[in-house]
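K.L.:
So in the working numbering, spot 186 of the sequence shown is number 186, and the numbers just go up one at a time. Here a beta-carbon is modelled for each residue, glycine too, at the ideal position from N, C-alpha and C. This structure is a prediction, so every number in the text was calculated from the model and none was measured. This is the structure I have questions about; it appears just below.
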Amino acid sequence: MDVQEILKIADDLVFVNTGKHLDNLQEVILRGTLQGQKYSKIADESHCSEGHIKDIASELWKLLSEVLGEEVNKSNFRVTFERLKFSNLCNFNNKDCVHIGNVNFCENSSHSPKVSSPIEEEVLNKDNTEPKVRQFLAEMPMSSIFYDRTTSLATLKQWILHENTRLIAIHGIVGIGKTALAAKLVEQIKHEFDFVIWRSLATSPPLPILQKNIIQFFCRGGAPVPAPSPEEGATTGGFPLLDYLQKYRCLLILDDVQMVNSSGQLAGNYQLGYEDYGTLFRQVGELSHKSCLILIGSEKPREIAALEGNNQPIRSLQLNGLGAEAGEILKEKGLTEDAKWSELIEQYRGNPLWLKIVATMIQDLFNGSLSEFLSEDTLFLGDLESLLHQPFNRLSESEKQVMSWLASETAPVSLAKVPENIQLSRSQFLKVMQSLGRRSLVEKIPEGDRTFFTLGPVLKEYVKTNYSRPICEQ
Numbered sequence: 001m002d003v004q005e006i007l008k009i010a011d012d013l014v015f016v017n018t019g020k021h022l023d024n025l026q027e028v029i030l031r032g033t034l035q036g037q038k039y040s041k042i043a044d045e046s047h048c049s050e051g052h053i054k055d056i057a058s059e060l061w062k063l064l065s066e067v068l069g070e071e072v073n074k075s076n077f078r079v080t081f082e083r084l085k086f087s088n089l090c091n092f093n094n095k096d097c098v099h100i101g102n103v104n105f106c107e108n109s110s111h112s113p114k115v116s117s118p119i120e121e122e123v124l125n126k127d128n129t130e131p132k133v134r135q136f137l138a139e140m141p142m143s144s145i146f147y148d149r150t151t152s153l154a155t156l157k158q159w160i161l162h163e164n165t166r167l168i169a170i171h172g173i174v175g176i177g178k179t180a181l182a183a184k185l186v187e188q189i190k191h192e193f194d195f196v197i198w199r200s201l202a203t204s205p206p207l208p209i210l211q212k213n214i215i216q217f218f219c220r221g222g223a224p225v226p227a228p229s230p231e232e233g234a235t236t237g238g239f240p241l242l243d244y245l246q247k248y249r250c251l252l253i254l255d256d257v258q259m260v261n262s263s264g265q266l267a268g269n270y271q272l273g274y275e276d277y278g279t280l281f282r283q284v285g286e287l288s289h290k291s292c293l294i295l296i297g298s299e300k301p302r303e304i305a306a307l308e309g310n311n312q313p314i315r316s317l318q319l320n321g322l323g324a325e326a327g328e329i330l331k332e333k334g335l336t337e338d339a340k341w342s343e344l345i346e347q348y349r350g351n352p353l354w355l356k357i358v359a360t361m362i363q364d365l366f367n368g369s370l371s372e373f374l375s376e377d378t379l380f381l382g383d384l385e386s387l388l389h390q391p392f393n394r395l396s397e398s399e400k401q402v403m404s405w406l407a408s409e410t411a412p413v414s415l416a417k418v419p420e421n422i423q424l425s426r427s428q429f430l431k432v433m434q435s436l437g438r439r440s441l442v443e444k445i446p447e448g449d450r451t452f453f454t455l456g457p458v459l460k461e462y463v464k465t466n467y468s469r470p471i472c473e474q
């Protein structure tokens with residue numbers, strides 16, 4: 001059980017009990033505790049006095065002790081929370097109501113704690129009695145400057161509000177702006193739904209835990225447990241969440257969906273024990289209801305790849321880079337040579353986060369001179385390299401092998417035959433190329449009745465830097 005998992009559980013428990021998330025200093029104290037640091041060390045790194053750290057820690061241990069109904073302190077924090085996760089994984093699989101200390105996670109709203117939170121917006125009807133809109137958006141990023149995605153926004157709103165699309169995947173490479181687009185979409189359409197819920201899968205929660213957590217939001221929003229008809233009960237396949245999606249008009253957003261998939265395998269393969277996510281996604285798309293589930297991730301889920309279509313209530317939107325609009329990013333970063341912006345934007349494929357990173361590097365190393373930066377023979381990655389470790393670490397060995405081949409080619413290539421230095425059958429080779437496409441790592445270039453493939457400059461440089469020889473020769 002890693003540090004992030006423990007912090008996530010602690011944050012969830014504190015939020016359910018108080019309506020507030022852990023603040024930065026509380027999280028630093030817990031993280032330092034898990035790393036075996038003394039209070040003096042935590043104080044030095046936080047630029048606080050040791051006495052202040054001890055006071056905050058004392059209040060935090062008291063709060064966690066009250067929530068769990070047992071003593072929690074610096075020495076037993078990790079052991080307590082690791083035991084907590086193990087015991088409640090079993091409970092979640094076997095009980096309708098799960099008890100974590102003094103907090104109940106239940107399908108029945110009578111067990112739900114009464115929590116008032118600023119991230120829950122309830123718009124009342126005219127008689128000020130019945131909540132009309134319930135929004136649970138604590139995990140949705142706060143809106144910042146939004147770069148032009150007018151067409152993408154319009155497409156998503158058309159699908160959801162006018163075509164009753166039930167399942168949507170927004171996918172694209174890291175930094176491209178998937179989450180920002182979804183957050184802007186939620187801001188614009190949230191009042192069209194009875195419930196709006198945003199959850200992150202960054203900690204890879206098993207589906208039973210996620211499902212119970214989401215149902216808890218319905219309970220806190222005052223939604224009674226639906227009583228499905230015999231016909232509906234037979235179709236929801238043991239997923240009580242589907243009953244809520246059928247009874248209410250809901251907008252449910254799941255971010256970082258790729259985190260429930262396996263690393264080291266082709267795109268779309270779930271971690272062992274997480275296969276029920278695929279079943280849930282498929283049923284959300286196939287069953288009749290007026291809700292919408294949006295999946296955000298770097299990989300297109302295979303259920304969507306198999307079922308989507310122009311006349312189907314299942315769609316996907318691959319997000320690509322910005323064009324000239326990305327100049328706003330460079331302007332904000334203080335790059336003044338606007339005649340050269342297009343060259344930089346093209347090199348970094350209009351990726352908003354990549355451009356922010358490289359613009360900062362240009363300021364730091366080249367005193368803001370875009371001309372000097374572009375005159376370099378090597379494409380600089382800088383902090384981009386560590387950012388790209390995440391998607392590349394998820395690749396299978398065969399995908400890395402093919403990426404090395406693509407990076408070595410000076411021109412786009414066709415798939416007419418398997419390259420001689422790649423030890424894959426024709427069928428395996430095509431599967432790998434399809435998987436890389438679903439991860440948004442290869443670029444397709446149509447020419448007449450043929451299609452060619454290549455890597456963008458940033459990905460090509462990354463592969464050359466990290467895989468200097470073909471994988472099959474290493």
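Measure the alpha-carbon distance for Gln4 versus Gly32 and round it to whole angstroms.
P.N.:
12 angstroms
K.L.:
Specify whether the stretch 39-51 and the stretch 59-67 touch according to this definition: at least 3 beta carbon pairs, one from each stretch, less than 8 angstroms apart.
P.N.:
No contact exists between the stretch 39-51 and the stretch 59-67.
K.L.:
Could you compute how far the alpha carbon of Ile6 sits from the alpha carbon of Asn73?
P.N.:
14 angstroms
K.L.:
Beta carbon of Gly32: closer than 8 angstroms to some heavy atom of the ligand ZN?
P.N.:
The model depicted lacks the ligand ZN and carries no ligand whatsoever.
K.L.:
Could you name the residues of the same chain whose beta carbon sits closer than 8 angstroms to that of Lys331, not counting the 5 residues immediately before and after it, in chain order?
P.N.:
Asp338
K.L.:
Enumerate in chain order the residues of its own chain whose CB-to-CB distance from Pro313 is below 8 angstroms, with the five nearest sequence positions on each side excluded.
P.N.:
Here the set comprises Glu163, Asn164, Thr165, Arg166, Leu167 and Gly285.
K.L.:
Does DSSP put Thr410 in a helix, a strand or coil?
P.N.:
coil
K.L.:
For the 8 angstroms Cβ check, are there 3 or more pairs between the stretch 338-358 and the stretch 175-186?
P.N.:
Yes, they touch.
K.L.:
Helix, strand or coil for Ala169, going by three-state DSSP, please let me know.
P.N.:
DSSP, read as helix, strand or coil, puts Ala169 in strand.
K.L.:
Grab the span of the alpha helix (DSSP H) containing Cys219 for me, first residue to last.
P.N.:
Element bounds for Cys219: Leu207 to Arg220.
K.L.:
Please state the DSSP three-state secondary structure of Val123.
P.N.:
The predicted model places Val123 with a pLDDT of 43, which falls under 50 and marks its position as unreliable, so this point remains unresolved.
K.L.:
From the DSSP output, in three-state form, read off Asp255 for me.
P.N.:
strand
K.L.:
Please go through the same chain and pick out, in chain order, the residues whose beta-carbon is closer than 8 angstroms to the beta-carbon of Lys184, but skip the five residues on each side of it.
P.N.:
Taken in chain order, the residues that qualify are Ser143, Phe146, Arg149 and Leu153.
K.L.:
Can you tell which of Ile189, Thr378, Tyr462 and Arg394 has the C-alpha that lies nearest to the C-alpha of Gly297?
P.N.:
Arg394
K.L.:
Can you name the start and end residues of the alpha helix (DSSP H) that Val284 belongs to?
P.N.:
Asp276 to Glu286
K.L.:
Apart from the five residues just before and just after Gln35, which ones in its own chain have a Cβ nearer than 8 angstroms to its Cβ?
P.N.:
Val3
K.L.:
Near Lys8, what residues of its chain come up, given a Cβ to Cβ distance below 7 angstroms and the 5 sequence neighbours on each side ignored?
P.N.:
The beta carbon of Lys8 sits closer than 7 angstroms to those of Thr203, all from its chain and outside the five residues before and after it, given in chain order.
K.L.:
What are the boundary residues of the alpha helix (DSSP H) that includes Arg302?
P.N.:
Run containing Arg302: Arg302 to Leu307, per the alpha helix (DSSP H) assignment.
K.L.:
Quick one: give me the first and last residue of the beta strand (DSSP E) that Gly297 is part of.
P.N.:
Cys292 to Gly297
K.L.:
Using the Cα positions of Ile100 and Asn213, report the straight-line distance between them to the nearest angstrom.
P.N.:
Because Ile100 carries a pLDDT of 46, less than 50, the predicted location of this residue cannot be relied on, and no value is offered for it.
K.L.:
Which residue's Cα is closest to the Cα of Asp137: Ala223, Lys247, Ser200 and Ile345?
P.N.:
The sequence shown places Leu at residue 137, rather than the Asp named in the question. Of the listed residues, the one whose Cα sits closest to Leu137 is Ser200.
K.L.:
If you drop the 5 nearest sequence neighbours on each side, which residues of the same chain put their C-beta closer than 7 angstroms to that of Lys464?
P.N.:
Ala407
K.L.:
Here's the rule I'm using: 16 or more other beta-carbon atoms within 10 Å means buried, otherwise exposed. How should Val458 be labelled?
P.N.:
buried
K.L.:
Apart from the five residues just before and just after Asp127, which ones in its own chain have a Cβ nearer than 7 angstroms to its Cβ?
P.N.:
Note that Asp127 has pLDDT 49, beneath the 50 cutoff, so the model's placement of it is unreliable and no number is given.
K.L.:
Go through its chain and collect everything with a Cβ distance to Met361's Cβ below 6 angstroms, but skip five positions before and after it.
P.N.:
Gly382
K.L.:
Rounded to the nearest angstrom, what separates Asp55 and Tyr39 at their Cα positions?
P.N.:
11 angstroms
K.L.:
To which residues does DSSP link Glu444 through a beta bridge?
P.N.:
According to the sequence as given, residue 444 is Lys; it is not Glu. Answer is Phe453.
K.L.:
Nearest by alpha-carbon distance to Asn276: which of Thr155, Trp405, Leu161 and Leu210 is it?
P.N.:
It should be pointed out that residue 276 corresponds to Asp in this sequence rather than to Asn. Comparing alpha carbon positions, the residue from Thr155, Trp405, Leu161 and Leu210 closest to Asp276 is Leu210.
K.L.:
Please report the distance separating the alpha-carbon of Pro352 from that of Leu344.
P.N.:
Roughly 12 angstroms separates the two Cα atoms.
K.L.:
Please state whether DSSP places Phe195 in a helix, a strand or coil.
P.N.:
strand
K.L.:
Please name the residue, chosen from Gln265, Glu82 and Leu181, that lies closest to Ser398 on a Cα-to-Cα basis.
P.N.:
Gln265
K.L.:
Below 8 angstroms, can you find three or more Cβ-Cβ pairs linking the stretch 297-310 to the stretch 248-263?
P.N.:
yes
K.L.:
Alpha carbons only, please: which of Gly273, Ile197 and Ser49 is nearest the one belonging to Pro205?
P.N.:
When only C-alpha atoms are compared, the closest one is Gly273.
K.L.:
Would you kindly check if the distance between the Cβ of His289 and the Cβ of Leu365 is under 9 angstroms?
P.N.:
no
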